[in-house]
Ligand SMILES: [Zn+2]
Ligand SMILES: [Zn+2]
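What follows is the structure, encoded as structure tokens:
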């Protein structure tokens, strides 16, 4: 058996040699050490409310949002915006390496990359949220289902309906032993967010999501998962809908933050 297994690995590695998904160099893992070293965990010096990394010279005090002087723990963006989520955190800045991993996972369906993305999410979760009482995981649906007519809600999946985030949410759910609710649906077609200003993004996305089952989210602390935080408009809008549906606190978690 061992011989057969080694032969199988030999044939597989000869036909499909293991290469780094980012730079293409030969390596034993899905991403090589050199590329991984360019993906840096954000750590503590971030806005304690929205998770925005500090720019040069900024030092945010650590501490739970809501318990200390907000001027010292939150950034100018938070003081400007009325965010509906309680806290938001990301694993790393949206570097070209992380963009490449997310892009290949999302659009080329290289689903083996879910393992490294899960590792990023777990690291960030353990660091930022392990002390919080989080009871349910939700994620962002990407595709508008035109089967929704306002009467009955669609029960069936359309092809590849944000499968990439649902797969990650399901994996995170089994690691954390927190149920994945899958309760958010998109009910309105929206133009692409790219190229829109902050206010236009907000208007574009407003009321385009709906919570399928308010009873499930009512009174719960929820982890809202997505791949990238760009301006936070979508994540904030979904948080708003979850709050309207009765959710207690929303904790946003994304793999990366920012735009290239
Ligand atoms: Zn590489
Ligand atoms: Zn902030």
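In this note's numbering, the protein residues as written are 916 to 1175.
Every residue, glycine too, gets a C-beta built ideally from N, C-alpha and C.
By DSSP's assignment, residue 1141 forms a beta bridge with 1169. The beta carbon of residue 1009 sits closer than 7 angstroms to those of 1143, 1171, 1172, 1173, 1174, 1175, all from its chain and outside the five residues before and after it, given in chain order. Distance from the Cα of residue 958 is smallest, within the candidate group 940, 933, 1044, 994, for 1044. Listed in chain order, the non-local C-beta contacts of residue 1046 below 7 angstroms within the same chain number zero, local neighbours out to five positions each way being set aside. When the five nearest sequence neighbours on each side are left out, the beta carbons in the same chain lying within less than 6 angstroms of the beta carbon of residue 1000 are those of 1154, 1165, 1167, in order along the chain. Where residue 1054 is concerned, the enclosing beta strand (DSSP E) starts and stops at 1051-1054. Taking one beta carbon from each stretch, the stretch 1031-1038 and the stretch 1079-1093 have 3 or more pairs nearer than 8 angstroms; the two touch.
By the Cβ neighbour-count rule, residue 1094 is exposed, with fewer than 16 other Cβ atoms within 10 Å of its own. Judged by the Cβ position, residue 964 qualifies as a neighbour of ligand 2 at the 8 angstroms threshold, a heavy atom of the ligand being closer than this. Rounded to the nearest whole angstrom, the C-alpha separation of residue 946 and residue 1028 is 9 angstroms.
The criterion of a C-beta distance shorter than 9 angstroms is satisfied by residue 1013 and residue 954. Separation of residue 940 and residue 934 (C-alpha to C-alpha, rounded to the nearest whole angstrom) is 5 angstroms. Judged by DSSP in its simplified three-state form, residue 1035 adopts helix. No heavy atom of ligand 2 is found nearer than 8 angstroms to the CB of residue 970. Residue 962 has its alpha-carbon roughly 27 angstroms from the corresponding atom of residue 1132. Scanning its chain for C-beta atoms nearer than 6 angstroms, with the 5 sequence neighbours on each side dropped, one finds around residue 1108 the residues 1116, in chain order.
For residue 1126, the uninterrupted beta strand (DSSP E) run begins and ends at 1124-1126, by DSSP.
Between residue 998 and residue 1147, the C-beta spacing is below 9 angstroms.
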